[in-house]
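Counting in my numbering, the sequence shown runs from 45 upward without gaps.
Everything below concerns the one structure shown next.
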Amino acid sequence: MAALTLGIPSKGRLQENADAFFTRAGLALSRERGNRGYRGALAGVDGVEVRYLSASEIAGGLATGALHLGVTGADLIRETIPETDEAVDLLMPLGFGHANVVIAVPAAWIDVDTVADLDDISIAMRAETGRVPRIATKYLNLTRRFLAGHGMADFRDYRLVESSGATEGTPAAGTADLIVDITTTGATLAANALKVLTDGVILESQANLAASLRADWDTATRAALAEILVRIEAEGRGRTNRLVRATATGETRDAATDAFETAVTVTGDGPFELSGVLAEDAVFAATARLRAAGATAIMVAQVDYVFEAESPIYRRFADRLGW
Numbered sequence: 045m046a047a048l049t050l051g052i053p054s055k056g057r058l059q060e061n062a063d064a065f066f067t068r069a070g071l072a073l074s075r076e077r078g079n080r081g082y083r084g085a086l087a088g089v090d091g092v093e094v095r096y097l098s099a100s101e102i103a104g105g106l107a108t109g110a111l112h113l114g115v116t117g118a119d120l121i122r123e124t125i126p127e128t129d130e131a132v133d134l135l136m137p138l139g140f141g142h143a144n145v146v147i148a149v150p151a152a153w154i155d156v157d158t159v160a161d162l163d164d165i166s167i168a169m170r171a172e173t174g175r176v177p178r179i180a181t182k183y184l185n186l187t188r189r190f191l192a193g194h195g196m197a198d199f200r201d202y203r204l205v206e207s208s209g210a211t212e213g214t215p216a217a218g219t220a221d222l223i224v225d226i227t228t229t230g231a232t233l234a235a236n237a238l239k240v241l242t243d244g245v246i247l248e249s250q251a252n253l254a255a256s257l258r259a260d261w262d263t264a265t266r267a268a269l270a271e272i273l274v275r276i277e278a279e280g281r282g283r284t285n286r287l288v289r290a291t292a293t294g295e296t297r298d299a300a301t302d303a304f305e306t307a308v309t310v311t312g313d314g315p316f317e318l319s320g321v322l323a324e325d326a327v328f329a330a331t332a333r334l335r336a337a338g339a340t341a342i343m344v345a346q347v348d349y350v351f352e353a354e355s356p357i358y359r360r361f362a363d364r365l366g367w
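Structure representation (structure tokens):
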């Protein structure tokens, strides 16, 4: 049977964060030939082949089905794959690689603050000079779709200039009038005398774990995906939940059990030990209720993993493909 192919960014912060993400879930990545290899493995799950690729290559591999699973930015997925929802399932955001794809114009354009203002500038420029604003970007598809949603059409209202270098420098160089680019803090844009339009955030992006809808999913690859997801979700629950234990007597048992407001395990013949898993933000309210109910020896502990019988994300993906 074929192996599940997992695309991991080959270098940089995305690679480091992806490695830490999988390691936390007990799925440590190992790379052939150290940091120079392009193949690897995933600890704890049989039948997984790790491929180290650029983030854009991962998006492309998911689109064609060459990869079953991959870690890459939502910006690249939606730029590379116009029919994203037909080709790829964004299983889960990973909490790193945050950045926004934005429209930025020269700060000197004091009367241009919105996309509607940009449309007005386009009309005025065409009337006065016979040309339309040039937009430098690496995000051709995202830009076209976004501006089309605001009633602006390529060639008629603007012209795209594909950027292969430092996009933020193109207005100063005179090769473009404004830009669409990705930014984390906006500092580089400001340093180049650019400002983001108030409604100019095209996409709020971050790294995602994505699955291809076009890959060949057989029994073995489905089983590997199910195991990967159940471990990842167990680790996520561990980070956001706490194990609460308390002791209750025969007189306080029922009231203390109700104080958890969730499923509780009761052990012992009296005194009784009660235990339950609670969301981190519910812990202090629950301990107050337990104290009021007469419970004693209340302890709160960090847990590494909280497993369910099946991954809800896997179940949703499987249902989508009719498995």
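Glycine included, every Cβ here is placed at the ideal spot set by N, Cα and C.
Relative to the C-alpha of residue i, which candidate in the options has its C-alpha closest?
i      : options                           : result
Ala341 : Arg289, Gly84 and Ile167          : Arg289
Thr116 : Ala87, Glu305, Leu97 and Ala270   : Leu97
Arg57  : Phe140, Asp302 and Ala339         : Phe140
Gly312 : Ala326, Thr291 and Gly84          : Thr291
Glu279 : Ser54, Leu138 and Ala303          : Leu138
Trp153 : Ala217, Leu241 and Leu106         : Leu241
Tyr358 : Ala307, Ala255 and Thr293         : Ala255
Thr229 : Asn144, Gly104, Leu135 and Pro356 : Asn144
Leu111 : Asp157, Pro53 and Arg68           : Pro53
Arg333 : Arg360, Asp302, Ala345 and Thr309 : Asp302
Gly294 : Ala339, Thr265, Thr309 and Val274 : Ala339
Ser249 : Gln346, Val89 and Val146          : Val146
Val327 : Val156, Ala345 and Thr49          : Ala345
Phe316 : Arg283, Thr306 and Ala299         : Ala299
Gly105 : Ile125, Ala64 and Phe190          : Ile125
Gly244 : Thr187, Leu48 and Gly282          : Thr187
Val224 : Trp367, Leu184 and Ala192         : Leu184
Leu238 : Val156, Glu127, Ala264 and Ala151 : Ala151
Val350 : Leu48, Gly174, Arg281 and Met343  : Arg281
Ile226 : Thr284, Thr263 and His142         : His142
Val132 : Leu113, Ala148 and Val149         : Leu113
Glu60  : Ala210, Thr263, Ala251 and Asp157 : Ala251
Arg189 : Ala148, Val156, Leu247 and Gly213 : Leu247
Gly213 : Asp157, Val149 and Val89          : Val149
Gly51  : Arg297, Arg83 and Thr67           : Arg83
Lys182 : Arg95, Ser208 and Val347          : Ser208
Thr158 : Thr128, Asp129, Leu191 and Glu354 : Leu191
Glu93  : Ile272, Asp348 and Asp363         : Ile272
If you reduce the DSSP assignment to three classes, tell me which class residue i lands in.
i      : result
Ser207 : coil
Ala255 : strand
Asp225 : strand
Thr309 : strand
Thr293 : coil
Asp129 : helix
Val240 : strand
Glu352 : coil
What span of residues does the alpha helix (DSSP H) with residue i cover, start to end?
i      : result
Val327 : Val327 to Ala336
Thr284 : Thr263 to Thr284
Phe304 : Arg297 to Phe304
Asp363 : Pro356 to Leu365
Thr232 : Ala231 to Ala235
How would you write the range of the beta strand (DSSP E) that residue i sits in, first residue to last?
i      : result
Met136 : Val132 to Pro137
Ala341 : Thr340 to Gln346
Phe316 : Phe316 to Ala323
Pro150 : Ala143 to Pro150
Any alpha helix (DSSP H) of 4 or more consecutive residues that is wholly inside the segment 55-123:
Within the segment 55-123, the complete alpha helix (DSSP H) runs of at least 4 residues are 56-68 and 99-108.
Determine contact between the segment 160-180 and the segment 193-208, defined as no fewer than three beta-carbon pairs at a distance below 8 Å.
At 8 Å Cβ cutoff, the stretches touch.
For the segment 316-330 and the segment 247-259, state whether three or more C-beta atom pairs, one from each stretch, are separated by less than 8 Å.
Result no; under three Cβ-Cβ pairs closer than 8 Å.
Residue ranges of each alpha helix (DSSP H) run of no fewer than 4 residues wholly in the segment 152-219, ordered along the chain?
Given a length threshold of 4 residues, each whole run of the alpha helix (DSSP H) inside the segment 152-219 is given here in chain order: 159-173, 184-192 and 214-217.
Three CB pairs or more closer than 8 Å across the segment 149-166 and the segment 182-196
Yes, the segment 149-166 touches the segment 182-196.
If we count Cβ pairs, one from each stretch, closer than 8 Å, do we get three or more for the segment 67-78 versus the segment 219-236?
No, the segment 67-78 is not in contact with the segment 219-236.
Does the structure place the segment 177-194 close enough to the segment 212-225 that three or more beta carbon pairs sit under 8 Å?
With a cut-off of 8 Å, the segment 177-194 and the segment 212-225 count as touching, because enough Cβ pairs lie within range.
Using 8 Å as the cut-off, can you tell me whether the segment 264-281 makes contact with the segment 116-125, which would need three or more C-beta pairs spanning the two stretches below that distance?
Too few Cβ pairs lie closer than 8 Å, so no.
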